[in-house]
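Engineer:
Residue numbers (the UniProt record's numbering): 1 to 82.
Structure, rendered in structure tokens:
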């Protein structure tokens, strides 16, 4: 009787271990998929924000050139002719 119980317990332990490993593998795969998706989303957002930042920098540079041009034109009108 003891040997049959031992075999039965070994089988139960092996089955529980197999189920645990299956659950762990599934959870690991789900976590990897979730993190991969999140990483790709954040990468896309970073690219979008980088483009917006570059465009804003270009707009600021254009406005600074326009301001300098306007300020230069005002100076020419203010300075007395020699």
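Even glycine gets a Cβ: it sits at the ideal position worked out from N, Cα and C. Quantities reported herein were computed from a predicted structural model and do not represent experimental measurements.
#1: When the Cα atoms are used, what is the spatial distance from residue 29 to residue 45?
#2: Ignoring anything shorter than 4 residues, give me the alpha helix (DSSP H) runs that lie fully in the UniProt domain "IF rod" (1–82), in order along the chain.
#3: Which value, in whole angstroms, describes the spacing of the CA atoms of residue 12 and residue 34?
Structural biologist: Answer, in terms of the structure:
#1: Take the alpha-carbon of residue 29 and the one of residue 45: they are about 24 Å apart.
#2: The UniProt domain "IF rod" (1–82) is shown to contain whole alpha helix (DSSP H) runs of 4 or more residues at 2–78, in chain order.
#3: Distance between the alpha carbons of residue 12 and residue 34: 33 Å.
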